[in-house]
Structures are given as C-alpha cells and as structure tokens.
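Quick notes on the structure that follows.
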Amino acid sequence: MKVDWLIVGAGFTGSTLAERLATQMNKKILVVDKRDHIGGNAYDEHNTDGILTHLYGPHIFHTNSEKIWHYLSQFTSWRSYHHHVLAVVDGKEIPLPFNLNSLQEVFPAGLANVLENALISEFGYGKKVPILELQKSSNEHLRFLADFVYNKVFLNYTRKQWGLRPEELDASVTGRVPIYISRDDRYFQDKYQGLPEFGYTRMFKNMLSHKNIKTMLNTDYKEIIDEVQFEGMVYTGPIDAFFDHRFGNLPYRSLEFKTISENKPRIQKAGTVNYPNDYDYTRITEQTILTGQESGKTTLIVEYPQAYVPQVNEPYYPIPREENRILLEQYLEEARKLKEKVIFAGRLADYKYYNMDQACGRALSIFDEILKEEKNGSH
Ligand code: FAD
Ligand code: UDP
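Written out as structure tokens, the structure reads:
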C-alpha cells in the first residue's frame with residue numbers, strides 16, 4: 001500500500017492532522033489505531049441503557065481559542081454545557097475550584113470574611129492562585145487558608161491520583177485547579193465550552209470521512225509498517241514505546257473506570273463529585289448531567305487511579321516532573337536523529353498534559369508548518 005502520510009492514532013491529534021492533510025493538501029492518508037474504535041480517549045458510545053458514555057472518563061470540551069472552536073465546529077454542533085464539580089470536604093459538598101463560596105461553606109462567617117478580605121487585598125478579586133503559591137504567602141491568615149485547602153482538597157487526592165504529593169509534581173498540575181477569588185462556581189472559565197451535540201465519536205467520524213483517508217482499526221502500526229510505503233509519519237502513541245523503551249519506561253499514570261447504571265433520573269448535584277479524602281477512587285461523574293439525556297435512567301463513572309503497566313492497562317496521563325523530563329529528553333534526542341520523517345505529537349508522544357483543545361491546537365500548528373514547508377519546497 002502506498003500513501004503520503006501514515007498516521008498512528010485516531011485521537012484528537014491524529015484525526016485533526018489526517019483531516020487537514022487530506023482536505024487542504026489532497027494527501028492520501030492511512031490512519032492506524034490499535035483500538036477497535038476512532039476518537040482515542042475522547043471516544044464515546046451509547047451503553048445498553050441508551051446513555052452516551054465516555055469510555056475513558058469524562059470529557060468536557062473547553063477552550064479560549066476561537067481558531068480551535070471554529071475548526072471543530074465544522075464537524076459537530078455543540079450542546080452548551082458548563083461543568084460544575086463539588087468536592088466532599090468534612091462531609092460537605094463544596095464548589096471546586098475552591099472559591100469564595102467554598103470558603104463561606106467551610107468556615108464560620110466571621111473567619112470566612114477575614115479570609116475572603118485577605119485574599120482579595122493580596123491578589124485581587126477574579127484572580128486565580130495555585131495552591132503551591134498561596135502556601136508561600138507572607139500573610140498568616142492566607143497561610144492558614146492554604147494549609148486547610150492543601151490538606152483537605154489537594155494532598156490526598158493527589159496522592160491517590162498520582163501516587164505522589166503535590167510538591168513532587170510540576171506546580172502546573174495542581175495549578176490546573178487554582179484557588180479562584182470569585183463566586184463563579186464553574187470548573188472552567190473558558191470562552192467556549194460544551195460537548196459535541198451527538199457525541200465525540202460522531203464528530204471524529206465526520207473528520208475522518210474524506211475519501212483520501214483510510215482508517216485501519218485493531219492494528220498496531222508495527223504490524224503493518226513494512227507493508228506500507230509513505231513519505232511521512234505522524235506518531236501519537238507513547239514516545240518510549242516507539243523506541244522499544246530502550247532507555248527504560250517513561251512513567252504514565254493509568255486509571256480503572258467502573259460504570260454504575262441506576263434506574264433513577266439523576267443522582268448527583270453536579271456533573272462530577274470529587275472525594276479527596278475518602279475511598280480509593282478520586283471522583284464520580286454522572287454522564288447524563290454532561291449529555292443532558294432524560295430517560296429516567298442514569299450512568300455514573302467512578303475513577304480508580306493506578307500505575308501504568310505497558311501491555312496491561314492504558315497510559316492516560318504523562319507525569320509532569322523533572323526526573324521524567326530528563327528521560328523524555330533522551331527519547332526526544334533519538335527522535336531528532338531519525339532519518340525518516342516522523343512527527344511526534346499528542347499527549348503521549350509529546351509527553352505533555354494536554355487538554356483536548358491543546359491536542360487539536362498542536363495538530364493544527366503542525367499542519368501549518370507542513371503546509372509552509374511544502375510551499376517553500378515547491379518554489
Ligand atoms: P489519544 O486520545 O491518547 O490518542 C492516541 C491514540 O493512539 C489512541 O487511540 C491509541 O490507541 C493510539 N495508539 C497508541 N499506540 C499505538 C500503536 N502502537 N499503534 C496504533 N495505535 C496506537 N481533555 C479535555 O479537554 N477535557 C476533559 O474533560 C478531559 N478529560 C479527560 C479525562 C481523562 C480520564 C483522561 C485520561 C483525559 C482527559 N482529557 C480531557 C484529555 C484528552 O483525553 C486528551 O487531551 C486527548 O484525548 C489527547 O488526544 P491525542 O490524540 O493526543 O491522544
Ligand atoms: N486536584 C486535587 N484535588 C481535587 C481536584 C484536583 O488535588 O479535588 C489536583 C490533582 O493533583 C489533580 C490535578 O489537581 O490531578 C488536576 O486536576 P484536574 O481536575 O484538572 O485533573 P484531570 O481532569 O486532568 O484528571
């Protein structure tokens with residue numbers, strides 16, 4: 001078989017590049033994925049109760065990028081959805097990210113007001129402050145607050161999720177859920193938020209429907225690579241697996257998902273409830289709150305974090321910390337030495353904690369580069 005590009009992985013990264021290269025440059029593409037479906041970790045399907053379920057954990061789309069939103073809007077319409085998360089702290093469900101409303105719920109009014117005023121005068125209303133930064137405050141009220149939030153919200157959740165303490169990871173990890181000096185209870189404040197109206201899988205089908213794109217599922221690219229001739233390759237799997245783990249395994253974090261179906265219309269008060277201090281799972285998400293389906297039945301997904309073991313479970317998260325970056329650098333060096341044209345991209349190949357919009361944005365910028373190179377080459 002002869003194609004212009006072999007694309008390994010049919011997730012956001014691979015599908016965006018396949019779509020762009022096929023429709024904008026008339027390239028012939030073979031997309032290969034070892035799973036039995038397209039969409040990567042954003043894949044969804046209807047379960048036996050007819051509830052649209054995210055097989056690899058809850059996926060809420062959010063972005064500030066007009067470019068990315070408009071790009072994906074060619075392949076889907078959107079259900080407007082603003083995600084809310086509650087965290088169980090001392091038996092109470094409080095809004096997350098921890099904000100001024102959370103503050104009022106966990107402390108008596110007098111103390112809450114003192115802490116609220118201290119936050120506003122130190123950082124300003126509307127500011128977002130990562131927990132590891134708040135801990136460094138010189139104001140003793142704020143250090144008291146930081147200790148409380150660190151111990152009740154971050155420490156045990158992070159230990160469960162990563163097997164590490166917050167300070168053993170890059171600050172950007174806990175910085176994803178900063179203390180928010182605001183009364184806005186939404187989990188994200190991005191300009192564009194929602195879920196594909198008919199699901200992610202339908203959107204991916206539309207992206208990959210071009211006549212120049214062939215999709216081969218249930219296939220590890222290593223099984224077919226010798227039978228395909230191609231000019232370039234995009235690889236979106238784990239970068240260490242590409243090089244047969246020659247410098248050792250790059251650590252990823254995995255999860256086990258347990259699905260619960262109930263004959264009730266709704267169970268939770270918010271799309272997701274986090275359990276920082278209780279149980280072995282980190283959070284429970286109610287799918288019908290995300291999709292808005294009203295059928296009298298509901299489905300919940302419970303997430304149990306685990307170490308990643310190649311061939312045994314899935315590598316869901318890169319683990320952002322210095323020692324892993326050093327190992328990653330060795331693999332990146334190997335990638336630079338390759339004689340063949342191979343582009344490494346995506347959450348697993350870049351080893352970066354991308355959200356969906358970032359994976360799509362990265363693929364769009366790679367496409368711009370390829371287009372530029374081709375234009376320069378042809379002059
Ligand atoms: P992937 O989706 O991982 O796709 C890579 C594909 O490559 C996979 O399908 C894999 O099977 C395939 N592959 C790997 N190796 C091979 C091989 N050797 N041969 C053939 N195929 C191969 N982002 C958000 O924006 N909002 C959210 O709410 C959100 N929630 C998330 C919840 C969880 C539990 C997880 C794990 C992630 C979440 N994300 C969320 C992140 C989102 O899943 C990623 O940003 C996105 O899926 C990355 O796309 P990708 O194409 O880079 O990688
Ligand atoms: N986090 C936490 N407690 C919470 C929520 C988040 O400690 O209740 C920390 C934890 O380290 C987590 C990180 O913040 O891994 C990022 O959270 P996010 O909800 O963005 O994780 P994701 O949705 O990517 O799994």
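Going by the UniProt record's numbering, the residue at position 192 of the sequence shown is 192; the numbering climbs one at a time, nothing skipped. Glycine residues also receive a C-beta, built at the ideal position from the N, C-alpha and C atoms.
Fill in: Residues bridged to TRP5 (per DSSP)
Paired residues: ILE29 and GLY232.
Discussion item. Judging by CA-CA distance, which residue of THR13, TRP5 and LEU134 is the nearest neighbour of SER365?
Written reply: THR13
Worksheet item: Just how far apart, CA to CA, sit PHE154 and GLN358?
Response: In this structure, the alpha-carbon of PHE154 lies about 24 Å from that of GLN358.
Discussion item. Between the alpha carbons of MET1 and ALA241, how many angstroms are there, rounded?
Written reply: 24 Å
Practice prompt. Taking GLU286 as part of the beta strand (DSSP E), name the residues at either end of that continuous run.
Written response: 283-286
Discussion item. Tell me whether ARG176, by its Cβ, gets closer than 7 Å to a heavy atom of the ligand UDP.
Written reply: yes
Worksheet item: How would you call ARG362, buried or exposed, if buried means at least 16 neighbouring beta carbons within 10 angstroms?
Response: buried
Practice prompt. Decide if LYS160 is buried, meaning its Cβ has at least 16 other Cβ atoms within 10 Å, or exposed.
Written response: buried
Discussion item. Taking the alpha-carbon of TYR308 as reference, which of ARG283, ARG253 and ILE319 has the nearest alpha-carbon?
Written reply: ARG253
Item to complete: Please state if the CB of MET207 and the CB of VAL8 are separated by a distance shorter than 8 Å.
Response: no
Discussion item. How far does the alpha helix (DSSP H) with HIS54 in it extend, from its first residue to its last?
Written reply: Where HIS54 is concerned, there is no enclosing alpha helix (DSSP H), although the beta strand (DSSP E) it sits in stretches over 52-54.
Practice prompt. Using alpha carbons as the reference points, say which of ILE370, GLY377 and ASN376 lies closest to MET25.
Written response: ILE370
Worksheet item: Thinking just about the alpha-carbon of each residue, which of SER121, LYS222, PRO320 and VAL3 is nearest to the one in ARG176?
Response: PRO320
Discussion item. Closer than 7 Å to a non-hydrogen atom of the ligand UDP - does that hold for the CB of PHE154?
Written reply: True, at least one ligand heavy atom lies under 7 Å from that Cβ.
Fill in: PHE144 versus PRO251, GLN306 and LEU119, residue with shortest Cα-Cα distance
LEU119
Worksheet item: Hey, is GLN330 close to the ligand UDP, as in C-beta under 7 Å from one of its heavy atoms?
Response: No.
Worksheet entry | Residues sharing a beta bridge with SER102, DSSP | Answer is none; SER102 lacks a bridge partner.
Worksheet item: What is the DSSP secondary structure of PRO238, reduced to helix, strand or coil?
Response: coil
Worksheet item: Within 7 Å: the Cβ of VAL173 and any heavy atom of the ligand UDP?
Response: yes
Fill in: 7 Å CB neighbourhood of ARG183 in its chain, flanking five on each side removed
Contacts found: ASN99, LEU100 and ASN101.
Item to complete: Assign GLU286 to one of two classes, buried (16 or more other C-beta atoms within 10 Å of its C-beta) or exposed (fewer than that).
Response: buried
Worksheet item: Any idea what DSSP makes of GLU294, helix, strand or coil?
Response: coil
Discussion item. Under 8 Å, with one C-beta from each stretch per pair, do the region 261-269 and the region 25-42 reach the 3-pair mark?
Written reply: no
Discussion item. Given a cut-off of 8 Å on the beta-carbon distance, is the pair ASP49 and LYS297 in contact?
Written reply: yes
Fill in: Helix, strand or coil at HIS59 according to DSSP, with G and I counted as helix
coil
Worksheet item: Is it right to say ILE51 is buried, meaning 16 or more other beta carbons lie within 10 angstroms of its own, or is it exposed?
Response: buried
Worksheet item: Out of LEU250, PRO251 and GLU45, which has the shortest C-alpha to C-alpha gap to residue 381?
Response: Nothing can be reported for residue 381, as the shown portion of the chain is limited to 1 through 379.
Worksheet item: Who are the near neighbours of GLY237 in its chain, counting only those whose CB is closer than 7 Å to its CB and skipping five residues on each side?
Response: VAL8, GLY9, LEU348 and ALA349
Fill in: 8 Å Cβ cutoff met for ARG79 and GLY292
yes
Practice prompt. Whole angstroms is fine: what's the gap from GLU223's alpha carbon to ASN313's?
Written response: When rounded, the distance between both Cα atoms is 20 Å.
Worksheet entry | TYR157 Cβ short of 7 Å to the ligand UDP heavy atom set | yes
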